[in-house]
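Reading through the structure tokens given below for one structure.
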Amino acid sequence: MAVDALKARIPAYAKDIKLNLSNIFQSTALSESQVWGAALAAALATRNAEVIGAVAEDAAGKLSAEEQQAAKAAAAIMAMNNIYYRSVHLLSNKEYGKMPARLRMNIIANPGADKVDFELWSLAVSAINGCGMCLDAHEREVLAKGVSKEGVQDALRIAGVIHAVAAVLDGEAALPAEQQAAA
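Take the sequence shown: its position 151, counting from 1, is numbered 151 in my numbering, and each next residue is one higher.
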């Protein structure tokens with residue numbers, strides 16, 4: 001498993017991250033495809049090539065080609081939407097929230113995978129990108145479509161752990177060689 005190789009790269013000071021990475025793929029509240037789609041979408045949101053490669057390699061054995069494309073699409077559309085809607089929310093001038101976004105978002109209506117899964121994967125990406133408006137909107141959608149609060153929590157845990165793995169690996173790569181932690 002490529003994720004196992006990724007775990008081996010996590011230094012000792014980030015042992016909790018490594019342990020959590022071992023656990024996030026065993027959800028009792030989400031299906032296997034929901035878990036791996038959330039992990040793939042979250043990995044793409046981190047922009048870390050090593051994390052993306054490892055998760056994508058393992059996800060390929062768990063997701064159909066259509067589900068893989070939908071997870072990628074969730075990461076792509078949320079990269080745009082999270083910036084736009086977070087900005088609209090944070091601006092003091094609330095007039096922007098009343099204006100039409102005028103952004104193409106057709107993929108949301110027809111993602112190529114189960115709509116609830118796509119919404120769940122969008123939720124995970126929105127957590128990484130820090131958009132409260134999008135988090136609220138996607139949480140409402142998945143709860144209305146039957147995902148439990150534990151399922152929402154699992155998607156958020158997946159996003160948090162995948163993001164932390166990328167942050168640790170990026171941090172280690174940025175340190176001078178003599179300061180990098182031994183694995």
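Ideal Cβ positions, reconstructed from N, Cα and C, are used throughout, including at glycine.
These numbers come from a predicted model, not from an experiment.
Beta-carbon contacts of residue i that lie in its chain and below 8 Å, excluding the five residues immediately before and after
i: N129; result: A45, M78, A79, N82, I83, R86
i: E150; result: T28, A29
i: G132; result: R86, H89
Host alpha helix (DSSP H) of residue i (start-end)
i: G171; result: 149-174
i: Y96; result: Unbroken run through Y96: none, as it is neither H nor E.
i: N23; result: 15-23
i: L40; result: 32-46
i: R86; result: 65-90
i: I10; result: Note, I10: premise wrong, no alpha helix (DSSP H); not H, not E.
i: A49; result: 49-59
i: A109; result: 106-109
Contact test: residue i Cβ vs the ligand GDP heavy atom, cutoff 6 Å
i: G53; result: The ligand GDP is absent from the structure shown, which contains no ligand whatsoever.
Same chain, Cβ closer than 7 Å to residue i, five either side skipped, listed in chain order
i: A101; result: Y84
i: N20; result: V161
Presumed contact (8 Å Cβ cut-off) between residue i and residue j, rounded CB distance
i: A144; j: L135; result: The pair is not a contact, with the Cβ atoms about 15 Å apart (cut-off 8 Å).
i: A2; j: A54; result: 4 Å
i: A38; j: A167; result: Rounded, the Cβ-Cβ distance is 18 Å, inconsistent with contact.
*Curious, which full-length beta strand (DSSP E) runs of at least 3 residues does the segment 111-153 contain?*
Scanning the segment 111-153 from its first residue to its last, no whole beta strand (DSSP E) run of 3-plus residues comes out.
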